[in-house]
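Enquirer: Numbering follows the numbering used here, in which position 42 of the sequence shown is assigned residue number 29; successive positions increment by one, without gaps.
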Amino acid sequence: MNQNIRVFYTSTTLSWGFIVRYKEVSAAQPSYILPPPTTIVGAFSYPLARILGLIDKLPENKVYKNGYLVSKTMKTFLESTIAASAGVAGEGGLVMHQELSKIHASIYKDGSDANNIRAEPFTGKFYGKSLPRIFPVQAVGATYAPGVKLYMTWVLDVDKLLKNLRENGVGIGEKDLDSAAQLAVHGVTRIGSKEGIVAVDPDLTGYERNPEIVNPGGKIRTIQYVPSECVDPEEMIPQITLPYLDYSPRLFYIPSASASNILLKPYSVPTGKWLRVKHPCKAYAPREFKQEFTSVGL
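(1) Output the distance between the C-alpha atoms of Leu251 and Tyr212, rounded to the nearest integer angstrom.
(2) Would you mind reading off the limits of the alpha helix (DSSP H) that contains Pro220?
(3) Which of the three DSSP states, helix, strand or coil, is assigned to Leu232?
(4) Report the CB separation of Gly128 from Gln85 in whole angstroms; it is logged as a contact under 8 Å.
(5) Under 8 Å by Cβ, that's how I've got Val256 and Thr(-1) pegged, so tell me the actual separation to the nearest angstrom.
(6) Given Ile6, which residues of its chain have a CB within under 8 Å of its CB, disregarding the five upstream and five downstream residues?
(7) Figure out for me which residue from Leu56, Pro22, Ile42 has the closest Cα to the Cα of Leu229.
(8) In the DSSP assignment, what are the bridge partners of Gly193?
(9) With three or more C-beta pairs closer than 8 Å as the rule, is the stretch 25 to 35 touching the stretch 53 to 72?
(10) If you draw a straight line from the C-alpha of Val157 to the C-alpha of Glu78, how long is it?
(11) Which residues in the same chain as Ile(-8) place their Cβ atom closer than 6 Å to its Cβ, once the five residues preceding and following it in sequence are excluded?
(12) Gly74 and Tyr138 look like a contact to me (Cβ under 8 Å); what is the Cβ gap, rounded to whole Å?
(13) When the Cα atoms are used, what is the spatial distance from Ile42 to Ala167?
(14) Please determine if the stretch 183 to 195 and the stretch 226 to 242 are in contact, where contact requires at least 3 C-beta pairs separated by less than 8 Å.
(15) Where does His173 sit, in a helix, a strand or coil, going by DSSP?
(16) Nearest by alpha-carbon distance to Val12: which of Gln125, Leu232, Val(-6), Lys260 is it?
(17) Whole angstroms is fine: what's the gap from Pro214's alpha carbon to Ser88's?
(18) Just the C-alpha distance for Ile249 and Ile159, rounded to the nearest angstrom, thanks.
(19) Going by C-alpha to C-alpha distance, which of Trp261, Lys265, Cys268 sits closest to Gly279?
(20) Taking all protein chains shown into account, do 16 or more other C-beta atoms lie within 10 angstroms of the C-beta of Thr26, making it buried, or fewer, making it exposed?
(21) Determine the direct distance from the alpha carbon of Cys217 to that of Val201, and round the result to whole angstroms.
(22) By how many angstroms is the C-alpha of Ser247 removed from the C-alpha of Trp3?
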């Protein structure tokens, strides 16, 4: 069955970097070295949802796969997503650094907690029990990459999105969606947390109807990360683990000079790596910028 597909793509320049924290962590909070697929969907879909008015129209039933809580708007976009990925190229690199952060514990406690917090200054109890409860320490991470180019792609099944919206009482036509998307793709402003400001390159940003598709057995060359189960690489390529669209951990190939969970060194130019697409996956790319923006989905 033919799919009615759209591809959003953009090259952004990072201001200082971004923060996308690991799932299922509390005290130690490292950041992913690259924004995972869910973050890519959020970066593109947020301006689209605002233009279409979806944030105010969809009910907020937040239950999603694997027990994660997301807004109804985000759930609708995630379920309509075919693929989402990112990659870097050019000068510089990315490094994940964790800094110690202290949290003030509440002094309004009673019982044993109150007794443990109260202590004579500079005594053994003061250092051993009081301070750790008043100032618990945790490692908070961020990925630093000032001036680095981040390339992002979002591949969307339009028919599925419009169907999901209708089922939630929101009637939007395909022409209205296309019109809004052409504006929204230039409205990407941040990655991850609100401090992760980016600047969009208008010459490498676009929205394309029915992009080029590479079927299983075909070869692609891309700088963006690819699910490891979807491709056979023809060269050695670094691998890291990122959460997939359903927030489950997946192993991804990262076409780059080197990559790990804490450090990524990109190619000096967008050379990419050759990979062969495996069944049942397919690759999707805007026709003008294949190498930079090819994304692979199940």
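Ideal Cβ positions, reconstructed from N, Cα and C, are used throughout, including at glycine.
Expert: In short:
(1) By 1-based counting over the sequence shown, the position of residue 251 is 264. By 1-based counting over the sequence shown, the position of residue 212 is 225. Between Leu251 and Tyr212, the C-alpha separation is close to 12 Å.
(2) Reading the sequence shown from its first residue, position 233 is the one you call residue 220. For Pro220, no alpha helix (DSSP H) run applies; the uninterrupted beta strand (DSSP E) run containing it begins and ends at 218 to 220, by DSSP.
(3) Numbered from its first residue, the sequence shown carries residue 232 at position 245. Collapsing the DSSP output to three states places Leu232 in coil.
(4) Your numbering for residue 128 matches position 141 in the sequence shown. Your numbering for residue 85 matches position 98 in the sequence shown. At roughly 4 Å, the Cβ-Cβ gap stays under 8 Å, so Gly128 and Gln85 are in contact.
(5) Residue 256 sits at position 269 when you count from the first residue of the sequence shown. Residue -1 sits at position 12 when you count from the first residue of the sequence shown. Rounded, the Cβ-Cβ distance is 18 Å, inconsistent with contact.
(6) Locating residue 6 in the sequence shown gives position 19, counting from the first residue. Once the five neighbours on either side are set aside, the close Cβ partners of Ile6 are Ser18, Gly128, Ala129, Thr130, Gly179, Ser180, Glu182, Gly183.
(7) Residue numbering aside, residue 229 sits at position 242 when the sequence shown is read from its first letter. Checked all of Leu56, Pro22, Ile42; the closest Cα to Leu229 is Pro22.
(8) Here residue 193 refers to the residue found at position 206 of the sequence shown. Per the DSSP secondary-structure output, Gly193 pairs in a beta bridge with Tyr(-4).
(9) Two segments are said to touch when three or more pairs of C-beta atoms, one from each, lie closer than 8 Å; by this definition the stretch 53 to 72 touches the stretch 25 to 35.
(10) On the sequence shown, position 170 is the one that residue 157 refers to. On the sequence shown, position 91 is the one that residue 78 refers to. Rounded to whole angstroms, Val157 to Glu78 spans 44 Å at the Cα level.
(11) By 1-based counting over the sequence shown, the position of residue -8 is 5. Once the five neighbours on either side are set aside, the close Cβ partners of Ile(-8) are Asn197.
(12) Numbered from 1 along the sequence shown, position 87 holds the residue referred to as residue 74. Numbered from 1 along the sequence shown, position 151 holds the residue referred to as residue 138. The distance from the Cβ of Gly74 to that of Tyr138 is about 5 Å, consistent with a contact at the 8 Å cut-off.
(13) Locating residue 42 in the sequence shown gives position 55, where the first residue counts as 1. Locating residue 167 in the sequence shown gives position 180, where the first residue counts as 1. Rounded to the nearest whole angstrom, the C-alpha separation of Ile42 and Ala167 is 14 Å.
(14) With fewer than three CB-CB distances shorter than 8 Å, the stretch 183 to 195 does not count as touching the stretch 226 to 242.
(15) Here residue 173 refers to the residue found at position 186 of the sequence shown. Helix, per DSSP.
(16) Counting from 1 along the sequence shown, the entry for residue 12 is found at position 25. When each option's Cα is compared against that of Val12, the closest is Gln125.
(17) One-based indexing of the sequence shown puts residue 214 at position 227. One-based indexing of the sequence shown puts residue 88 at position 101. If you take the alpha carbons of Pro214 and Ser88, they lie about 34 Å apart.
(18) Taking the sequence shown and counting its residues from 1, one reaches residue 249 at position 262. Taking the sequence shown and counting its residues from 1, one reaches residue 159 at position 172. Distance between the alpha carbons of Ile249 and Ile159 is about 42 Å.
(19) One-based indexing of the sequence shown puts residue 279 at position 292. Per the sequence shown, the amino acid found at residue 279 is Glu instead of Gly. The closest CA to that of Glu279, considering only Trp261, Lys265, Cys268, is found on Trp261.
(20) As a working note, residue 26 is residue 39 in the sequence shown. So Thr26 ends up on the buried side.
(21) If you number the sequence shown from 1, residue 201 lands on position 214. If you number the sequence shown from 1, residue 217 lands on position 230. The alpha-carbon atoms of Val201 and Cys217 are separated by roughly 12 Å.
(22) Translated into the one-based positions of the sequence shown, residue 3 becomes position 16. Translated into the one-based positions of the sequence shown, residue 247 becomes position 260. Each residue's alpha carbon lies about 20 Å from the other.
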